[in-house]
């Protein structure tokens, strides 16, 4: 008996797949299954990836207000963002999808592929005001599967004091060569160069993409000479001690903590760190990430999409559409994106944000130039490419393969 | 915690032997009113049967099913994945990650076990001397066991950080250059092994210590009178008499180590470049570590782990039986 139960516990532990499935099935009766309710019934389920916001937060209040406006009650559930994609797939399998789902943009194409999401044609949702480059992340096969609630992207934060000590004029940093030269100067001055995140998850790919795209490489050909040059840039930074070895293990949060220590000249990080930057207690600036030969590169867009999952009862879409429209109205967007430290997805609200806070100006520019990871018709092939890309980055930076070999291996595995 | 109770259970069972197998009053009542007792027996059996079926048999069946079908995100939702037989297994075997993952799993398990057992035994013998403060010290050694894994793993990864870690700072102080514990392919597996050994020692210590306690002191006295020195006493008295307990400790430890996931995932995510990937982390990586989950192959790797664990589970049962016979 003892060995049996231990055996089974082991089984259960190693097979998270069905444990989660069983859990979802067990909980489904309580979470407001939509299939049992008639049209226009009172409670609408909303799932979001913002567990940091509790019931008293502005976000929760906004949801309730939108619910009241549409004449329904909102049942909100917040998930960890990395969990939400799989939770949604499981819920859809159980016929228990939420009415409104707010989800990280690269997940949209996967969920759309799974047939979990309605198109804006189904829901009559209007997306004309949204910047096309941002909306592209939620489009696949000519259809649009939601509308962005806000966007963020990556840029270079720099520490003005460290640069001054090293005698670097930030205006001179225009392309990769001048950036590397600046890093060399910083190192000579006894300070640390640049920190970023090259961890073996989607975060690592997200951080590598601006350099990859900045080299002129395309995701459909990871092992192009441009792609290799981007990875070689990172590799050389590590080799020459311009970037710490810990980048291999850094999440964007730990990389930010390294920058916040005040020793680093540069950090590649996102819009969402602005609030933290003010608290760091030193004078910082923000610089768009330069492309290989000058000019600014496209950084990948981050941020979430508001989507309407497929329901058995299509009569619910009308109310869901009202909720989404309310959540993405100009006023709501302004409030929500201010709390999230995001850039709004429409020019109208972006202007208002910049007027209120001039610090956001470089970020608005960066977001306008940004590109969705699943754009260019990649859709659900992006996740496969991305996984191979972060593996290649890890192989090259850790020295187990040369950048060229790592990317060739990645390209053949991603096919 | 479970592991100790299970062990002591097992040992008391061993001592009581036949007594536990046949509770005396049962047959008498049975003969008087057979039907109602039978119903009662079924009634008592029902909760555990339902529990096992619901939480063990069904998930196991589902996982087997997952691994035999070609699941895409779409067919996962619609539930119409085509049956593909062993295609997922073939895919997993042909994957370039398979061989390294197998080697790492074997290395991780054996090295962890060897060190956990050796250190645990050494400490158990040491604490068996019953000097002053030995109880307090022994309690301190239990700390790794009491900490949630996420706490200990995060602490280890912070200590082993190549830039700001305290381990590299200490090495620097004694004049050794920095080691990229978590970020170099040649060290990452060693780092997770070190952390896991630290976590596993208390279990070995506690079980082996309780095993030592059951060895009668008179045997040592007799050996000492016969002129055996401390090392001979350990080799000829302690070690053979500890064999049954050692066997169980090692087998439980093996099954426990085989499935270690959290420590590796938190410290290295199986990287860099798969250099610390084991079957457990690989299964998770396939099923959940990507935006586009590959449930089929993930479940297949999980099932391979189950088979390995099952083999050792059988070894465990056989050892138990042999012990009962001897």
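Residue numbers (this note's numbering), protein chains in the order written: chain A, 1 to 415; chain B, 416 to 741. Note that beta-carbon positions come from the ideal geometry of N, C-alpha and C, so glycine has one too. Just so we're clear, the structure is a prediction, and the values are computed from it rather than from any experiment.
- Interface residue (Cβ-Cβ distance to chain B less than 8 Å): residue 280 of chain A is not classified as such.
- Listed by position along chain A, the residues whose Cβ is nearer than 9 Å to that of residue 506 of chain B form an empty set, because the closest Cβ is around 13 Å away.
- Within chain A, the residues 113, 114 and 115 have their CB atoms less than 7 Å from the CB of residue 489 of chain B, given in chain order.
- Apart from sequence neighbours up to five positions away, the residues of its chain that approach residue 727 of chain B with a beta-carbon distance below 8 Å are 666, 669, 670 and 673, ordered along the chain.
- Distance from residue 598 of chain B to residue 246 of chain A at the Cβ level is roughly 7 Å; contact confirmed, criterion being Cβ atoms closer than 8 Å.
- Residue 578 of chain B carries a coil assignment under DSSP once its states are collapsed to helix, strand and coil.
- The stretch 450 to 464 of chain B makes no contact with the stretch 81 to 97 of chain A; the number of CB pairs closer than 8 Å stays below 3.
- Per DSSP, reduced to three states, the secondary structure at residue 490 of chain B is helical.
- Taking a C-beta cut-off of 7 Å against chain B, the contacting residues of the stretch 83 to 95 of chain A are 85, 86, 89, 92 and 93, listed in chain order.
- For the set A/251, A/358 and A/162, the Cα lying nearest the Cα of residue 206 of chain A is the one of A/251.
- With contacts defined as CB atoms closer than 8 Å, residue 367 of chain A and residue 343 of chain A qualify as a contacting pair.
- Interface criterion not met: the Cβ of residue 108 of chain A is under 8 Å from no Cβ in chain B.
- Residue 116 of chain A: not part of any alpha helix (DSSP H); DSSP gives it neither H nor E.
- Residue range 264 to 270 is occupied by the beta strand (DSSP E) that includes residue 264 of chain A.
- For residue 739 of chain B, the enclosing alpha helix (DSSP H) begins and ends at 710 to 740.
- Against residue 80 of chain A, chain B offers no close residue; the least beta-carbon distance is about 12 Å (beta-carbon pairs closer than 9 Å).
- The C-alpha of residue 194 of chain A lies about 14 Å from the C-alpha of residue 290 of chain A.
- Proximity of the stretch 95 to 104 of chain A to the stretch 45 to 56 of chain A meets the contact definition, three or more beta-carbon pairs being nearer than 8 Å.
- Under the 8 Å criterion on CB atoms, residue 253 of chain A is classed as non-interfacial with respect to chain B.
- Our two residues, residue 610 of chain B and residue 383 of chain A, have alpha carbons roughly 32 Å apart in a direct line.
- Beta-carbon to beta-carbon, residue 492 of chain B and residue 115 of chain A are separated by about 6 Å, close enough to satisfy the 8 Å threshold.
- Taken through DSSP and simplified to helix, strand or coil, residue 199 of chain A comes out as coil.
- With a cut-off of 8 Å on Cβ pairs, the stretch 396 to 409 of chain A is in contact with the stretch 217 to 225 of chain A, counting three or more such pairs.
- With contacts defined as CB atoms closer than 8 Å, residue 698 of chain B and residue 717 of chain B qualify as a contacting pair.
- Contact residues of the stretch 596 to 626 of chain B toward chain A are 597, 598, 599 and 600 (C-beta to C-beta distance below 7 Å).
- Sixteen is the threshold: since fewer than 16 other Cβ atoms of the shown chains lie within 10 Å of the Cβ of residue 275 of chain A, the residue is exposed.
- Of A/288, A/355, A/241 and A/135, the smallest CA-CA separation from residue 171 of chain A is found for A/288.
- Inter-residue distance for residue 614 of chain B and residue 560 of chain B is about 6 Å (C-alpha atoms, whole angstroms).
- In this structure, residue 211 of chain A places its C-beta atom within 8 Å of the C-beta atom of residue 233 of chain A.
- Nearest to residue 292 of chain A by C-alpha distance, out of A/386, A/131 and A/229, is A/229.
- Residue 635 of chain B is not a Cβ neighbour of residue 651 of chain B, given a cutoff of 8 Å.
- Residue-level contact by beta carbon holds for residue 201 of chain A and chain B, with a gap shorter than 8 Å.
- Exclusion of the five residues before and after residue 549 of chain B leaves 542 as the residues of its chain whose Cβ lies within less than 8 Å of its Cβ.
- For residue 380 of chain A, the nearest CB of chain B lies under 8 Å from its own CB, placing it at the interface with that chain.
- C-alpha of residue 489 of chain B to C-alpha of residue 217 of chain A: approximately 31 Å in a straight line.
- For residue 101 of chain A, the uninterrupted beta strand (DSSP E) run begins and ends at 100 to 104, by DSSP.
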